[in-house]
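Residue numbers (the working numbering): 20 to 317. A short worksheet on the structure shown next.
Laid out in structure tokens, this is it:
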């Protein structure tokens, strides 16, 4: 009854999404084969009554013996239980493009980024789950291999927890937004929080959601340079200075802060004119640096 894509859209959390993708990677026909192996041949379960109910997760198939879940949902929950740590560090990308990247089309994978899961829906749609620190090398490899030929939009957002908004609901909403942008170039819509997918217009108005691919890669590179030049404690102090409401003492604290920096860090902040950034841009940038690494060579 349910297709592979239906199962993905019914995932409740990041671990469940990864579990379903793992099942499909091991065998693309996994759910069809499981359905045929069941005694009820994949038919719907009984209607809910005072004595019987279908699976408490999918609410479609009959429960397995001595369980509140059907065999499908039992498999998903069992695999997902071991994928919690991976899901917490994962980013989901729903891609709507004019042609699939050749790495996905051929199934060869990417050289610079390890994919946690992939699903190719058709010639224009795909879903990819990667580790957050692999975001920059993954996008860089796409641009390197395809350049200006690849057009469309990539919607990127973190996974959700079991008690939050359903992961499938977030993916469905991203699908709803996929045609908002023209297909004249490759763009990235980067959601800091998964539930931002539900109401993206606020962030679009602030200019902190949709970027051309080259612009977004430049932001990631800035984040890497920032993390490489300033020590973590200096980054924390700078954030407090840039977001504080006390304008009267701002100059005093800023001068003391600069006095403790090395010349390379001073030149960086001066070149970026970071003190003049709007607060929402500062907050967005600090969220973005969680998705990049650092280099000791800077």
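Even glycine gets a Cβ: it sits at the ideal position worked out from N, Cα and C.
Check, Outcome
"DSSP-derived helix/strand/coil call for residue 177", "strand"
"Status (buried if at least 16 other CB within 10 Å, exposed otherwise) for residue 122", "buried"
"Beta-carbon spacing of residue 176, residue 213 below 8 Å", "yes"
"Separation of residue 120 from residue 21, as counted between CA atoms", "27 Å"
"Given residue 27 as reference, the closest of 53, 139 and 300 once Cα atoms are compared", "139"
"Nearest to residue 37 (by Cα), restricted to the options 110, 78 and 71", "110"
"Inter-residue CB distance, residue 33 and residue 106 (contact presumed, cutoff 8 Å)", "3 Å"
"Residue from 67, 71, 78 and 23 with nearest C-alpha to residue 51", "23"
"Length of the line joining the Cα atoms of residue 277 and residue 285", "7 Å"
"For residue 272 and residue 202, the rounded distance between their alpha carbons", "47 Å"
"Residue 160 versus residue 66 - alpha carbon distance", "50 Å"
"Pairwise C-alpha distance: residue 94 and residue 76", "12 Å"
"Pairwise C-alpha distance: residue 274 and residue 103", "44 Å"
"Presumed contact (8 Å Cβ cut-off) between residue 208 and residue 311, rounded CB distance", "In fact, because the Cβ distance is near 18 Å, the residues do not count as touching under 8 Å."
"Strand pairing of residue 39, partner residues [DSSP]", "Residue 39 is not bridged to any residue."
"Residues bridged to residue 162 [DSSP beta-bridge criterion]", "DSSP output for residue 162 lists no bridge partner at all."
"Backbone secondary structure at residue 125 - three-state DSSP", "helix"
"Simplified DSSP state of residue 195, which is helix, strand or coil", "helix"
"3-residue-minimum beta strand (DSSP E) runs that sit fully inside the region 195-245, ordered along the chain", "205-209 and 229-231"
"Residue 113 - partner residues in DSSP beta bridges", "146 and 174"
"Under the three-state DSSP convention, the category residue 288 falls into", "helix"
"Rounded straight-line distance, which links the Cα of residue 205 to that of residue 129", "19 Å"
"Minimum C-alpha distance to residue 257 - residue among 242, 231, 229 and 288", "288"
"Beta-bridge pairing of residue 139 - partner residues as DSSP gives them", "145"
"Residue 223 at chain D interface by Cβ criterion, 8 Å", "Although the question refers to chain D, the structure presented lacks it and comprises just one protein chain."
"Neighbour-count burial assignment, residue 282, 16 or more Cβ in a 10 Å radius", "exposed"
"Residue 174 burial status per 10 Å Cβ neighbour count (16 or more: buried)", "buried"
"Residue burial classification, residue 55 (beta-carbon count within 10 angstroms, cutoff 16)", "exposed"
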